[in-house]
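Numbering (the numbering used here), first residue to last: 7 to 494.
Cβ coordinates follow ideal geometry from the N, Cα and C atoms, glycine included.
To keep things clear, I will list the structure first and then write my remarks on it.
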RNA sequence: GGGCUAAUAGCUCAGUAGGUAGAGCAACGCCCUUUUAAGGCGUGGGUCGAAGGUUCGAAUCCUUCUUAGCUCACCA
């Protein structure tokens with residue numbers, strides 16, 4: 007990318023070198039940060055010397071003096087330069103330092119006539135000459151495409167973007183801390199898998215040259231984590247990237263971060279308690295309260311959260327009581343009456359129809375946080391049946407702001423039943439459902455050695471971040487969201 | 001993948017009875033010793049997303065393509 011402004015700046019680099027200065031010196035050690043300096047000076051207004059480093063984001067020149075705004079990782083501070091103070095170096099600062107350059111500033115803190123705490127510079131060192139000009143100072147960078155593609159510019163110009171990613175790191179740290187304190191062990195399982203399992207999703211395919219075989223990027227770590235539970239580690243979790251070859255939207259990125267955790271001798275009720283306590287605790291840590299605003303709505307994360315059976319939820323929002331419906335034809339008729347498009351649900355299988363009813367009539371209504379419990383056994387092959395009604399399983403999903411944020415069950419550990427359920431998935435795959443699960447015979451073999459009764463949980467970290475950051479799009483929670491390449 | 005909308009200077013944006021482009025900021029030159037989006041005077045800067053088409057003439061009208069946003073579908 008070349009422009010006349012870039013060319014002028016490249017010319018300046020040449021001139022700076024001719025002056026005997028290095029436009030990209032090997033090192034510089036600042037000893038102070040903007041925010042600390044401001045705080046310290048405002049406490050007793052006694053002048054003191056500082057040594058800062060940062061980026062010039064504004065510059066105002068008045069002949070024999072000038073003002074700059076310097077931005078470092080903790081914030082902005084004003085720098086003042088004066089010809090009598092800086093002598094020959096003043097001309098260098100005035101002519102060769104541009105908006106966007108990284109500089110080091112040594113000087114003394116004082117207060118301007120207008121009352122702003124400012125550093126009176128006596129030495130300015132160029133640390134890195136910028137060739138590309140920064141976006142305009144007032145409107146900044148608003149073009150969404152450029153903000154995502156060149157996130158570094160977005161972060162320079164919109165510091166709150168940078169802050170959000172720092173918060174993300176703190177949330178992840180808080181989650182790990184919460185689990186470490188409860189004796190969970192962090193494990194790592196294969197991302198390159200021969201049989202992608204643990205979720206209903208289309209996988210990405212890749213290729214191993216030396217083995218001359220295709221491999222899949224994981225869609226979930228679930229089946230490996232259960233192998234570890236079987237192996238005897240009782241409390242484990244994995245936080246990491248999973249990949250699903252599906253559409254992109256404000257709620258979906260092809261790769262996203264998920265935490266899955268498994269606890270032996272626990273069930274989905276224990277997972278529910280853990281979920282609400284962990285998330286409430288993290289939100290309290292980060293936001294200072296369990297009551298937060300999300301996109302104009304108030305969400306209360308104070309425990310305990312609401313629990314609602316799926317059949318009850320469907321009854322509440324659509325008027326249909328699944329337990330009173332005789333067969334699928336009657337359900338289809340009622341679903342159409344409830345407003346579902348007739349052509350879309352025509353011929354749909356009974357429980358799939360029930361699921362669609364839930365998705366269409368209930369999900370977006372759930373502001374939450376609320377646990378929806380007891381999903382149809384038919385649609386959840388890896389969960390344990392509800393002993394009081396085997397048509398349903400011991401499972402919950404967590405809904406916040408009309409979106410799914412977590413999924414958990416009492417893990418199915420009956421190898422024979424598991425095998426049957428996986429075989430059903432295989433036949434559905436054969437009949438055209440490309441999101442049905444693959445058959446993983448080694449996983450079944452593992453269960454045949456006996457897995458303890460176990461509770462398992464998965465939480466979408468990026469979606470949780472949307473809530474915490476009050477972000478309308480998942481892209482605001484990802485430093486580098488997926489983008490199509492620009493054609494040359 | 002479908003629908004709707006958008007793409008003009010480095011950035012933010014104007015620009016339709018079609019007549020080969022403007023502003024502010026940024027840049028460059030000059031003036032200016034306390035500014036806060038500093039100010040004043042002047043200068044340079046664009047294959048108007050790409051390719052075709054209609055026309056004497058296209059940023060503007062038509063077609064296709066690319067990218068993005070929203071939305072639907074799929075899903076977490």
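Residues that DSSP places opposite residue i in a beta bridge
i, result
"residue 214", "219"
"residue 199", "222"
"residue 409", "406"
"residue 86", "73 and 126"
"residue 68", "71"
"residue 109", "60 and 132"
C-beta atoms of residue i and residue j nearer than 8 Å
i, j, result
"residue 416", "residue 461", "yes"
"residue 199", "residue 222", "yes"
"residue 301", "residue 170", "no"
"residue 181", "residue 265", "yes"
"residue 262", "residue 466", "yes"
"residue 313", "residue 379", "yes"
"residue 319", "residue 368", "yes"
"residue 458", "residue 270", "yes"
"residue 127", "residue 92", "yes"
"residue 274", "residue 400", "yes"
"residue 504", "residue 382", "Nothing can be reported for residue 504, as the shown portion of the chain is limited to 7 through 494."
"residue 256", "residue 286", "no"
Residue nearest to residue i in terms of C-alpha spacing, selected from the options
i, options, result
"residue 443", "449, 456, 428 and 95", "428"
"residue 463", "277, 135, 114 and 93", "277"
"residue 242", "212, 68, 192 and 305", "192"
"residue 362", "376, 372, 383 and 338", "338"
"residue 2", "64, 57 and 38", "Residue 2 is absent from the model: the chain starts at 7 and stops at 494."
"residue 55", "125, 446 and 18", "125"
"residue 292", "225, 46, 31 and 473", "473"
"residue 81", "147, 249, 38 and 440", "38"
"residue 42", "140, 123, 308 and 351", "123"
"residue 245", "251, 253 and 195", "195"
"residue 49", "345, 232 and 116", "116"
"residue 137", "423, 11, 247 and 409", "11"
"residue 304", "366, 373 and 168", "373"
Between the CA atoms of residue j and residue i - distance to the nearest angstrom
i, j, result
"residue 44", "residue 86", "14 Å"
"residue 133", "residue 282", "48 Å"
"residue 119", "residue 145", "28 Å"
"residue 89", "residue 97", "8 Å"
"residue 143", "residue 204", "49 Å"
"residue 284", "residue 35", "40 Å"
"residue 71", "residue 487", "43 Å"
"residue 62", "residue 131", "12 Å"
"residue 9", "residue 28", "Low confidence applies to residue 9: its pLDDT is 49, below 50, so where it sits in the model is not reliable enough to give any reading."
"residue 186", "residue 176", "15 Å"
"residue 328", "residue 322", "11 Å"
"residue 479", "residue 259", "10 Å"
"residue 392", "residue 398", "6 Å"
Buried or exposed (CB count within 10 angstroms, at least 16 for buried), residue i
i, result
"residue 111", "buried"
"residue 22", "buried"
"residue 420", "exposed"
"residue 316", "buried"
"residue 217", "exposed"
"residue 219", "exposed"
"residue 83", "buried"
"residue 413", "buried"
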